[in-house]
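Chemist: Below is one structure. I have some questions about it.
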Amino acid sequence: MSSPPLPSQPSPGAAPAWLVERLQQAGGWVPFRTYMDWALHDPQHGAYGSGRLQVGPRGDFATSPSLSSDFADLLLPQLLQWFDQQPQHQPLALVETGPGEGSLALQLSSGIAQSRPDLLERLELVLVEPNAGMAQRQQARLAEAPLPCRWLSFEQLAAQPVCGVMLAHEVLDALPVERISWDGTRWSQQGVALTSQGTLQLEGRQPLPGELLESLQQLGLERAGSQRRPGSSTELHLALAPWLQQAAAALRCGQLLVVDYAHEAWRYYAPARDQGTLMAYRQQQASGDPLQDPGHWDLTAHLCLESLERAAAATGWQGLGQRRQGEALLALGLAQRLHGLQSEPASALAELLTRREALLRLVDPHTLGDFRWIAFSRVGTPPGTEEPLFLQDPPLA
Ligand SMILES: C[S@@+](CC[C@H](N)C(=O)[O-])C[C@H]1O[C@@H](n2cnc3c(N)ncnc32)[C@H](O)[C@@H]1O
35 MSSPPLPSQP
45 SPGAAPAWLV
55 ERLQQAGGWV
65 PFRTYMDWAL
75 HDPQHGAYGS
85 GRLQVGPRGD
95 FATSPSLSSD
105 FADLLLPQLL
115 QWFDQQPQHQ
125 PLALVETGPG
135 EGSLALQLSS
145 GIAQSRPDLL
155 ERLELVLVEP
165 NAGMAQRQQA
175 RLAEAPLPCR
185 WLSFEQLAAQ
195 PVCGVMLAHE
205 VLDALPVERI
215 SWDGTRWSQQ
225 GVALTSQGTL
235 QLEGRQPLPG
245 ELLESLQQLG
255 LERAGSQRRP
265 GSSTELHLAL
275 APWLQQAAAA
285 LRCGQLLVVD
295 YAHEAWRYYA
305 PARDQGTLMA
315 YRQQQASGDP
325 LQDPGHWDLT
335 AHLCLESLER
345 AAAATGWQGL
355 GQRRQGEALL
365 ALGLAQRLHG
375 LQSEPASALA
385 ELLTRREALL
395 RLVDPHTLGD
405 FRWIAFSRVG
415 TPPGTEEPLF
425 LQDPPLA
């Protein structure tokens, strides 16, 4: 009797079978943007699509709301300022896009129930989460939320658009980016190709598609300049405008707050930043290699502020201003909150120290404090009489 054949083991570094099949079907090469979309959002194999990625200090990477509820508590007055600018009795929605584990939505709805019970009868939570694997965990987490919750796609919301506030906290950095590489004389569109050994490699193609050329021209990058090192690469954010267009169709009136890592174009595309901003995260480790173990790592690229603002202006949004997270949270009372920890009972010392550390992390200029808060108002929304709270001077101690 012969023994059954051993299942063929992929060699180290080999692409997984599902990706080999996709790439072969596509002719052996796809633009980086397509690869990133598969690796993150494929319903079966993608890191978010499958629900494999876990957000939090014990998961794959931490975000501000996953550290403690202080972030939500500090953000809440900003949301209330915007809700209160809406006509009285107007039904309102707090729309969170890409809610991850559902922490922020849960913390904000609990904060609203405690501090503004008058809003409960006209406010609902709407969660926009395209990845079923993530939505399942959010539904479990928000089962006891004190606000009515609905999970809707942008398309479903467009059929019954809402008024209120939309949040995009660390969401736009998960939108697939195009990558381009500079060979010393011209740019190529970077893609992912299958090698004859069955591994993946980054490979440039010419000519550039028209939409990439247009984007380069808008950024003034078509002739990259002699300072740029041959072999350098960077990202272009072509998925922003379609996302913002869908978001605009979903929010009839109100504000959008984007919170993410972002650079001005001059910093983003500086010749010295010669490998762009793309990073991979898994189990609290960071890697610059986007091709390893596809579907098991978060892939993320910073935003370019001008690209975001241009895409927003073209899709029905008006800029309200932007600020670094550290400054935004100080304007919303972080220093007072930190000071207030001193009057908490010393019996909860361990918890107090953890909260103190989390508060300091939120404003640390080398990490979360360098995030940008970028606010937009849906065109046609009556302007508020006051500047957004997060852009004001910090309260006096
Ligand atoms: C980095 S996590 C952020 C989670 C959460 N906002 C936080 O800060 O803890 C990205 C989230 O955005 C979701 N996402 C990815 N692409 C999206 C899209 N096009 N629209 C809305 N959400 C998206 C992911 O499934 C995930 O829930």
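Numbering (our numbering), first residue to last: 35 to 431. The C-beta atom is built at its ideal place from N, Cα and C for all residues, glycine as well.
Just to confirm the assignment, what range does the beta strand (DSSP E) spanning Trp-221 have?
Modeler: Note, Trp-221: beta strand (DSSP E), 221-228.
Chemist: For my contact list, Phe-447 and Ala-284 are in at a C-beta cut-off of 8 Å; report their separation, rounded to the angstrom.
Modeler: Residue 447 cannot be examined here, being either before or after the span of the chain that is shown, 35 to 431.
Chemist: For a minimum of 3 consecutive residues, which ranges assigned as the beta strand (DSSP E) are wholly contained in the region 327-366?
Modeler: If we require 3 residues or more, the beta strand (DSSP E) runs fully inside the region 327-366 come out as 332-334, 351-358.
Chemist: Would you mind working out which of Gly-93, Leu-393, Ala-362 sits nearest Gln-426, comparing C-alpha positions?
Modeler: The shortest C-alpha separation from Gln-426 is found at Ala-362.
Chemist: Specify whether the region 209-216 and the region 167-180 touch according to this definition: at least 3 beta carbon pairs, one from each stretch, less than 8 Å apart.
Modeler: No, the region 209-216 is not in contact with the region 167-180.
Chemist: Sort Gln-59, Gly-61, Ala-60, Thr-68 by Cα distance to Leu-325 and report the nearest one.
Modeler: Ranking Gln-59, Gly-61, Ala-60, Thr-68 by Cα distance to Leu-325 puts Thr-68 first.
Chemist: Can you name, in chain order, every residue of its own chain whose Cβ lies under 6 Å from the Cβ of Glu-256, other than the five neighbours on each side?
Modeler: Same-chain partners within the cutoff: Leu-250.
Chemist: Tell me whether the beta-carbon of Cys-338 lies closer than 7 Å to the beta-carbon of Ala-299.
Modeler: Yes, the pair counts as a contact, with Cβ atoms nearer than the cut-off.
Chemist: Spatial neighbours of Met-70 within its chain, please: C-beta separation below 6 Å, excluding the five flanking residues on both sides.
Modeler: Taken in chain order, the residues that qualify are Pro-210, Leu-333.
Chemist: Do Gly-85 and ligand 1 come close, with the Cβ less than 6 Å from some heavy atom?
Modeler: Gly-85 Cβ: outside cutoff for every heavy atom of ligand 1.
Chemist: The alpha helix (DSSP H) that contains Gln-279, what's its start and end?
Modeler: Its alpha helix (DSSP H) spans residues 274-284.
Chemist: In whole angstroms, what separates the C-alpha of Asp-294 from that of Glu-269?
Modeler: The straight-line gap from Cα to Cα measures roughly 16 Å.
Chemist: Can you round the beta-carbon distance between Gln-172 and Gly-136 to whole angstroms, since I take them to be within the 8 Å contact cut?
Modeler: Contact holds; Cβ gap of about 4 Å.
Chemist: Taking Cβ to Cβ, would you say Asp-217 is nearer than 7 Å to Pro-264?
Modeler: It is a contact, given that the beta carbons lie within the stated cut-off.
Chemist: Nearest CA to the CA of Val-399: which residue from Gly-374, Arg-358, Ala-369?
Modeler: Note that residue 399 corresponds to Pro in the displayed sequence, not to Val. Nearest option by C-alpha distance: Arg-358.
Chemist: Assuming the contact rule is C-beta atoms closer than 8 Å, Leu-272 and Glu-245 should be a hit. Round their C-beta distance to whole Å, please.
Modeler: Right, their Cβ atoms sit about 6 Å apart.
Chemist: Verify the contact flag: Ala-208, CB atom, against every heavy atom of ligand 3, threshold strictly below 6 Å.
Modeler: This structure lacks ligand 3; the ligands present are ligand 1.
Chemist: Trp-63 bridges to which residues according to DSSP?
Modeler: In the DSSP output, where bridge partners are listed per residue, Trp-63 has Ala-227.
Chemist: Just reading off the beta strand (DSSP E) that Val-199 is part of, what are its end residues?
Modeler: First-last of the beta strand (DSSP E) with Val-199: 196-203.
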